[in-house]
């Protein structure tokens, strides 16, 4: 079975400082990994995805994530946080030949002015 | 272009009642999936439909059912509502039911169901 663990339920950063959201995955097969963002009263938006190509994946809005197989991690980073980054972030895994997405519990990001 | 649309946006029901939630996929998308997101948790997979057939089901009781129509829109039905069914119900659409590159899921804004 596929699963993800988001290591921080809440992250608070100052505007302009780096953001790090940590995610470890468990998968019996080579997985596809995703990060989604959910703003209040909005649908889930795909930030980026890893599908066995480059291990460093660049996404929208300046976010990127690095797939580390040896550490079974897929941490999300952004060099400089913006107030609009305040939202809920989900790390998601999908088995390569499957359709079902398995979500982590989420990390709430707050950005201080 | 219209994204995935869901109706209603909010709904309040009482225990034991029945509810129907609706989803219209992105134009041209033939696969619809449903997810339940309880407050404070990540979404949980309920169903996937492709070409009007159920292609997958999550760990949910038989009180949950769904169907997909010829125009690829979908309904999620929940019978005998329980307090624990209170959640945000998300619909996602994909181009097809396969797994090839680019066939990602696009989510709607969800329907917030409150069971009293």
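Protein chains in written order, with the numbering used here: chain A, 5 to 117; chain B, 7 to 122. The beta carbon of each residue, even a glycine, is placed where N, CA and C say it ideally should be.
Limits of the beta strand (DSSP E) - the one that residue i falls within
i	result
residue 28 of chain B	25-30
residue 6 of chain A	Here residue 6 of chain A belongs to no beta strand (DSSP E), and DSSP marks it neither H nor E.
residue 35 of chain A	35-42
residue 125 of chain B	Nothing can be reported for residue 125 of chain B, as the shown portion of chain B is limited to 7 through 122.
residue 111 of chain B	No beta strand (DSSP E) contains residue 111 of chain B, which DSSP labels as neither H nor E.
residue 119 of chain B	117-121
residue 75 of chain A	That residue, residue 75 of chain A, is in no beta strand (DSSP E); it is neither H nor E in DSSP.
residue 69 of chain B	Residue 69 of chain B -> no beta strand (DSSP E), and no H or E assigned at all.
Three-way DSSP call (helix, strand, coil) for residue i in this model
i	result
residue 18 of chain A	strand
residue 89 of chain B	helix
residue 13 of chain A	coil
residue 99 of chain B	strand
residue 28 of chain A	strand
residue 65 of chain A	helix
residue 39 of chain B	strand
residue 13 of chain B	strand
Cβ-Cβ separation, residue j to residue i (assumed contact under 8 Å), whole Å
i	j	result
residue 113 of chain A	residue 89 of chain A	6 Å
residue 40 of chain A	residue 96 of chain A	6 Å
residue 71 of chain B	residue 55 of chain B	Actually they do not touch by this definition, with Cβ atoms about 11 Å apart.
Status (buried if at least 16 other CB within 10 Å, exposed otherwise) for residue i
i	result
residue 80 of chain B	buried
residue 73 of chain A	exposed
residue 106 of chain A	buried
>> Under 8 Å, with one C-beta from each stretch per pair, do the segment 106-117 of chain A and the segment 86-94 of chain B reach the 3-pair mark?
In response: no
> Does the count of Cβ pairs from the segment 46-60 of chain A and the segment 69-77 of chain A closer than 8 Å reach three?
Replying inline: yes
> When the Cβ atoms of the segment 15-34 of chain B are set against those of the segment 7-14 of chain A, are three or more pairs found closer than 8 Å?
Replying inline: no
> Per the contact definition of three or more C-beta pairs closer than 8 Å, is the segment 91-100 of chain B in contact with the segment 24-35 of chain B?
Replying inline: yes
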